[in-house]
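As numbered in our numbering, residues 17 to 406 make up the sequence shown, in order. We put the beta carbon where it would ideally sit given N, CA and C, even for glycine. Structure, as structure tokens:
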Amino acid sequence: MDQPFAALSQRFASRFGEAPAFLVRAPGRVNLIGEHTDYNQGFVLPLALEHSVRIALRPRRDRRVRLYSENFQQWVEFSLEKLEKAQGWGEYVKGVAWALQEEGYTLQGWEGLLESQVPIGAGLSSSAALEVAVARAFAAVSSLPWDGKRMALLCQKAENEWVGVQCGIMDQMISALAERGHALFLDCRTLETQQVPFPSLARIVVMDSGTRRTLSHSAYNERRQQCEEAARLLQVPALRDLSPQELDQRAARVRLDQVLYRRARHVVTENERVTRTVQALQAGDVAAVGALLNESHRSLDQDFEVTNQALNELVAVAWEHPACYGARMVGAGFGGCAIALVKEEATEAFMEFVRQAYTQRSGYRTELYPSHPEQGVECYSGMMDDRRSR
Ligand code: GLA
Numbered sequence: 017m018d019q020p021f022a023a024l025s026q027r028f029a030s031r032f033g034e035a036p037a038f039l040v041r042a043p044g045r046v047n048l049i050g051e052h053t054d055y056n057q058g059f060v061l062p063l064a065l066e067h068s069v070r071i072a073l074r075p076r077r078d079r080r081v082r083l084y085s086e087n088f089q090q091w092v093e094f095s096l097e098k099l100e101k102a103q104g105w106g107e108y109v110k111g112v113a114w115a116l117q118e119e120g121y122t123l124q125g126w127e128g129l130l131e132s133q134v135p136i137g138a139g140l141s142s143s144a145a146l147e148v149a150v151a152r153a154f155a156a157v158s159s160l161p162w163d164g165k166r167m168a169l170l171c172q173k174a175e176n177e178w179v180g181v182q183c184g185i186m187d188q189m190i191s192a193l194a195e196r197g198h199a200l201f202l203d204c205r206t207l208e209t210q211q212v213p214f215p216s217l218a219r220i221v222v223m224d225s226g227t228r229r230t231l232s233h234s235a236y237n238e239r240r241q242q243c244e245e246a247a248r249l250l251q252v253p254a255l256r257d258l259s260p261q262e263l264d265q266r267a268a269r270v271r272l273d274q275v276l277y278r279r280a281r282h283v284v285t286e287n288e289r290v291t292r293t294v295q296a297l298q299a300g301d302v303a304a305v306g307a308l309l310n311e312s313h314r315s316l317d318q319d320f321e322v323t324n325q326a327l328n329e330l331v332a333v334a335w336e337h338p339a340c341y342g343a344r345m346v347g348a349g350f351g352g353c354a355i356a357l358v359k360e361e362a363t364e365a366f367m368e369f370v371r372q373a374y375t376q377r378s379g380y381r382t383e384l385y386p387s388h389p390e391q392g393v394e395c396y397s398g399m400m401d402d403r404r405s406r
């Protein structure tokens, strides 16, 4: 049992008077490459972070769920007989219960403690981690078979239909299916996956720019509409269906508007960069992976136009350090985080450099989260060293 689980178990024992029956962990994530490709039915390559959501729990005899969030210092309590919508973090818990019951599963009640180390609001999927952890907790107490892909889809349904956020499938899939030391190649059309080994001598450093997207929803939706419009004009089901050469030929034929052309070019070249990154990882060519991250950033900046000044400065600072293989903004953009791929042994020096140089140049402070690719959701039962199937 790792240290955070040991500490959480102890806190559980002092609150509930006995050891937890189950311990569940589900990770946050970051996308190595493949930005703004998911809703174009393209490719993504996320990896799970060491920063996780953890739940210690025990079954209840009735059909109530009671969960205390240590982060929010707040209880959420509800009956599985009567799920009612409200506001707040508890909706992710209830939403998962709702989606599992909709699927026909018979659920048992439980109670426990929840701790999250996934920064909230930084684009690292704290909500998907919570959903997957809660699904795993229900599966444990209700003796449900655990099928990661199926459960990820139900967690997405909870977020889409109960919480009301139209997210794609990437976040829940990686939290449920990640394997330690690997990134997960995901085809967002077919939902086929492939585990891709991550270089053992490199580290991912997530770098929070300290800025948040203000334009968020309108600009994100605008990009989505532009991509759909470009696909329609280019007469393909989705931008995923075009190679860079085909894009150029068709764009010339239909005299595609310059802005739509640049949006499409980002998506089409980004899909290609994802497949090239998979090949580079398989060949153990970390320098090539870094170069692809840099190209991705330039494309997001110039063609897709979803960076901001702070993100550009942060990435430029990272690029300057000799231990950095490559860096780019991640997520929707207009603020939030970037990532750097860094030589393992120089991680501390790299982080120190970025902290100082970024603040000097931008006036913002950065939070840095170094990580290796972590295992997806895990559940331990009883005496804790008895590791349950994932
Ligand atoms: C947001 C969305 C994701 C994806 C990214 C961009 O984070 O939630 O589904 O579209 O933007 O890659």
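**OP:** Measuring alpha carbon to alpha carbon, tell me which of V252, R45, Y108, L129 ends up nearest A29.
**Re:** L129
Subject >> Assigned exposure category for I136 - 16 Cβ within 10 Å defines buried >> reply: exposed
Original post:
Under a Cβ-count criterion, where at least 16 other Cβ atoms within 10 Å of its own Cβ denotes burial, should W91 be classed as buried or exposed?
Top reply: exposed
Original post:
For the putative contact between A296 and G342, defined by C-beta atoms under 8 Å, what is the C-beta separation to the nearest angstrom?
Top reply: Contact flag wrong, Cβ pair sits at about 11 Å.
Original post:
Is any heavy atom of ligand 1 found at a distance shorter than 7 Å from the C-beta of C11?
Top reply: For residue 11 there is no data in the structure shown, the boundaries of the chain being 17 and 406.
**OP:** Report the three-state DSSP secondary structure of W105 (helix, strand or coil).
**Re:** coil
**OP:** Starting from R228, follow the beta strand (DSSP E) in both directions and report where the run begins and ends.
**Re:** Per DSSP, R228 belongs to no beta strand (DSSP E) and is neither H nor E.
Original post:
Applying the criterion that 16 or more other CB atoms from any shown protein chain within 10 Å of the CB defines a buried residue, is S405 buried or exposed?
Top reply: Residue confidence is low: S405 scores 41 on pLDDT, short of 50, so the model does not pin down where it sits. Its coordinate-derived value is still stated next. That one is exposed.
Subject >> Pick from Q298, S259, R269, R229 that is closest to R16, judged by C-alpha positions >> reply: Summary: the structure shown does not reach residue 16, with the chain confined to residues 17 through 406, and so no result is reported for it.
Subject >> Cα-Cα separation between A356 and V181, rounded to whole angstroms >> reply: 28 Å
Original post:
Just to confirm, does E51 get its C-beta within under 7 Å of one of the non-hydrogen atoms of ligand 1?
Top reply: yes
**OP:** Return yes when at least one heavy atom of ligand 1 lies under 7 Å from the C-beta of D317, else no.
**Re:** no
Original post:
Thinking C-beta only, is L63 closer than 8 Å to R41?
Top reply: no
Original post:
Roughly how many angstroms lie between the CA atoms of L39 and S216, to the nearest whole one?
Top reply: 28 Å
Original post:
To the nearest angstrom, how far is it from the Cα of A362 to the Cα of A339?
Top reply: 6 Å
Original post:
Hey, is Y385 close to ligand 1, as in C-beta under 7 Å from one of its heavy atoms?
Top reply: no
Original post:
Buried or exposed: which applies to G33, given that a residue is buried once 16 or more other Cβ atoms fall within 10 Å of its Cβ?
Top reply: exposed
**OP:** Have a look at G410 and R239 and give me their C-alpha separation to the nearest angstrom.
**Re:** Any question about residue 410 goes unanswered here, given that the chain covers just 17 to 406.
**OP:** Answer yes or no: the CB of G184 versus the heavy atoms of ligand 1, is any distance below 7 Å?
**Re:** yes
Original post:
For the alpha helix (DSSP H) that P260 lies in, which residues bound it at each end?
Top reply: 260-270
Original post:
Under 7 Å from any heavy atom of ligand 1, does the C-beta of D203 make it?
Top reply: no
**OP:** Going by CA-CA distance only, name the one from Q89, F88, D78 that's closest to L96.
**Re:** D78
Original post:
If you measure from the CB of G137, is any heavy atom of ligand 2 nearer than 7 Å?
Top reply: Among the ligands in the structure shown, ligand 2 does not appear; only ligand 1 can be found there.
**OP:** Measure the C-alpha to C-alpha separation of V370 and I220 and round it to an integer number of angstroms.
**Re:** 14 Å
Original post:
Roughly how many angstroms separate the alpha carbons of R82 and G184, rounded to a whole number?
Top reply: 28 Å
**OP:** Return the chain-ordered list of same chain residues with a C-beta closer than 6 Å to the C-beta of R152, the five sequence neighbours on each side being excluded.
**Re:** V40, V393, C395
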